[in-house]
Every structure is written in structure tokens, then in C-alpha cells.
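Numbering (the numbering used here), first residue to last: 3 to 113.
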């Protein structure tokens, strides 16, 4: 049975960085092996991708000024300035700069 690969981009989130810091501490203390750490991170990648896909149903619209964009390895990256967001409930908020990373939800070869 083939295992599905997941993007590792959520490792850069605050919860992902906290997990990595904790795993590093456990490895340095000799409490876990690096192979187990890789398995933990793979499980994190899978769990967060599946949870976000299944549980998050809210929508957000935004307007801003596109500063730069890039498309590399099937991943879009946008840097947007002076961004105004509006949520489903009508709440509005502003950000000076936003980095948006957009990946295809299906990996190459998936139906």
C-alpha cells in the first residue's frame, strides 16, 4: 500500500514550530531517535492537512496590492501589501503585509 505524501508548509506555523522545538529537545536529551522524530512530523503534516480540509468551512475575502508572485514546483506564493480582509460574518481587519502560499490539494498522480 502506497503512503500519501503531504506538504510540509504547516511546519512553519506557530504550532509546527513549537512541535519541532519540542522534538529537538527530546532528541538532544536522548529520549527519542531522529527516525521517530521524522515519523512524528509526517503524522503532523497528515493530521493538520486532513483536519483543515474537513473542519474549516469559513470563507474570507481580501483585497490588496500585489507586490510579488512566484510559481515554482506547483506552489504559488504571493506577497500582498495593504490587505483588507472580510470574514463570512462581516468582520473586517487590515494587515500591512501578507504572504500567501497556495498548493494544489492533490499531489501529482492523484485522481
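Glycine included, every Cβ here is placed at the ideal spot set by N, Cα and C.
Computed from a predicted structure; not experimentally measured.
For residue 61, which of helix, strand or coil comes out of DSSP? coil
8 Å Cβ cutoff met for residue 71 and residue 80: yes
Note the first and the last residue of the continuous beta strand (DSSP E) segment covering residue 102. 94 to 105
Under three-state DSSP, which class holds residue 26? helix
From which residue to which residue does the beta strand (DSSP E) around residue 84 run? 77 to 89
Less than 8 Å between the C-beta atoms of residue 105 and residue 11, yes or no? yes
Give a yes or no on contact between the region 50 to 69 and the region 24 to 35, applying the rule of three or more CB pairs nearer than 8 Å. no
Roughly how many angstroms separate the alpha carbons of residue 93 and residue 67, rounded to a whole number? 20 Å
Is the beta carbon of residue 22 closer than 8 Å to that of residue 13? yes
Closest by CA to residue 59, which one among 44, 35, 91, 84? 91
Buried/exposed call for residue 50, threshold 16 Cβ in 10 Å: buried
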